[in-house]
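Under the UniProt record's numbering, the sequence shown has 308 at position 308, and the numbering climbs by one with no breaks.
I have placed the structure first, in the form of structure tokens, so that the comments after it can refer back to it.
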Amino acid sequence: MTQSCLNGDAPDVSFVLPVYNKAEALPCFFASLMAQQGDFSREVIFVDDASTDESRAVIEKFASVHDFVRVIANDTNAGPAIRLNQGVEQACGTYLALFDCDELLAPDTISVMLGMAREHGADMVHGKGRKTDALMAQAKADAIGVGVSVAVFEDALERILGRGIVRMTWLVERALFEKAGGCDTDVFIQDESLPLRLSLHARRVVDADMVVTVIPDAGSHLSGNKMQQHHDRFFVYAHFLAAHPELAPDKYRKVFGKCLSAARKAKRDGAPFNTLDLQCRYLAHKIRLGRSDLAELKRFESVFQKLPGIRRPINL
């Protein structure tokens, strides 16, 4: 590993990693990061979100041993969206490597993703995660290798509005992240907002059929809370509509439909929506009747805002 920009050299890749109560998983994750193959320089930025376990001590130990590692310590829990933005503000790599640090990286994850970004002129590259029943210490991530099936999309937003591309398994250009304004800081979890906001400004996205991380049985993920997922998904897309009234009509309808879909799933999982009203609005949207505008979403927004047990960002 070469020196990071802490010592005057801008690295090829900045790993930016929010941390909250992942002390047991962090040594295994960091070992998989240290085992990354390929000729590229890197820095590692851990952003502790006021962990209540030993996470901060673990990452501070990494930083004491390795000069390309730094720790941003916080005394208030604000959520991963805010903390990811905070970390990127201090990053200086050409690319950002954005992963969950309770998973294991395949040993050639970054070299393969970098190769794809450069080959296809893409500023967003996405891989897949694979769940395993193995505990963190026993889990193993195999090399990706060659012969990967790759889909390249010139219309990044169109791809993001499809399915299956919200895992935190991203390599993106830092310039794109900054242009897009990073994650939506009014939503706690960043999984949905980050690719959506990036895609509006991206040149090209690569969606690769490759396992870049293995996801062990290492405790609960924030995104495992289904109602939190529905809540955050609704507001991510509602905020996006509010910020971008200039969207082409077909994309506007798709984003609006994502809001309705989030409400329907929340209803299925116990949210107290009016069943008839929700179903009628959903069917009207499907057959292109009725309005698809923000005013139509207000009835659902108020219910989401009153849901119990939902984590929301704090105002820093």
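Glycine included, C-beta positions come from ideal geometry on N, C-alpha and C.
Model, not experiment: these values are computed from the prediction.
For residue i, I'd like the list of residues in its chain whose CB is within less than 8 Å of its CB, leaving aside the five on either flank, ordered along the chain.
i	result
residue 36	42, 105, 107, 108, 109, 110 and 111
residue 91	14, 16, 43, 45 and 174
residue 84	16, 18, 47, 98, 182, 183, 190 and 194
residue 242	294
residue 251	157, 158 and 161
residue 178	88
So, at 6 Å on beta carbons, what are the nonlocal neighbours of residue i in its own chain, with the 5 sequence-adjacent residues on each side left out?
i	result
residue 297	238 and 259
residue 212	106, 109, 127 and 169
residue 58	23 and 26
residue 53	21 and 23
residue 144	106, 108, 112 and 210
residue 129	167, 169, 213 and 215
residue 220	Any answer about residue 220 is weak, because its pLDDT of 48 lies below 50 and its placement is not dependable; what the coordinates show is given next. Cβ within range, chain order: n/a, list empty.
residue 79	188 and 313
residue 226	269
residue 149	209
residue 262	230, 233 and 234
residue 131	215
residue 94	12
For residue i, would you say it is in contact with chain D, using Cβ-to-Cβ distances shorter than 8 Å as the test?
i	result
residue 135	In the structure shown, chain D does not exist; there is a single protein chain.
So is residue i buried or exposed if we call it buried at 16+ other beta carbons inside 10 Å?
i	result
residue 32	buried
residue 293	exposed
residue 309	exposed
residue 65	exposed
residue 313	buried
residue 171	buried
residue 146	exposed
residue 207	buried
residue 229	buried
residue 102	buried
residue 276	exposed
residue 289	exposed
residue 11	buried
residue 124	buried
residue 82	buried
residue 203	exposed
residue 100	buried
residue 118	exposed
residue 248	exposed
Going along the chain, which residues of its own chain have a beta-carbon closer than 7 Å to the beta-carbon of residue i, five neighbours each way excluded?
i	result
residue 133	217
residue 194	183
residue 86	47 and 72
residue 28	104, 136 and 137
residue 180	197, 198, 200 and 201
residue 303	271, 272 and 273
residue 151	207
residue 253	292
residue 75	50
residue 62	30 and 69
residue 192	166, 232, 233 and 236
Can you pull the DSSP bridge partners for residue i?
i	result
residue 319	With the chain represented from 1 up to 316, any question about residue 319 goes unanswered, as that position is not in the structure.
residue 230	Bridge partners of residue 230: none, in fact.
residue 149	209
residue 15	44 and 97
residue 126	170 and 207
residue 215	131
Should residue i be listed as close to the ligand ZN, given that the test is whether its C-beta is under 7 Å from any heavy atom?
i	result
residue 124	The ligand ZN is absent from the structure shown, which contains no ligands of any kind.
### Every unbroken beta strand (DSSP E) within the stretch 38–122, with a cutoff of 3 residues, ordered by chain
42–49, 69–74 and 95–99
### Task
Report the residue ranges of all beta strand (DSSP E) runs contained in full by the stretch 157–200; include only those spanning at least 3 residues, in chain order.
169–173
### the stretch 268–285 / the stretch 295–315 touching (three or more Cβ pairs under 8 Å)
yes
#### Entry: Segment contact, 8 Å Cβ cut-off, at least three pairs: the stretch 223–236 with the stretch 179–190
yes
### Task
Answer yes if the stretch 142–161 comes into contact with the stretch 241–258, meaning at least three C-beta pairs across the two stretches below 8 Å, and no otherwise.
For the pair of segments examined, the stretch 241–258 was found to touch the stretch 142–161: the number of CB pairs separated by less than 8 Å reaches three.
### Query
What are the start and end residues of each continuous alpha helix (DSSP H) run of 4 or more residues lying completely inside the stretch 285–312, in chain order?
298–305
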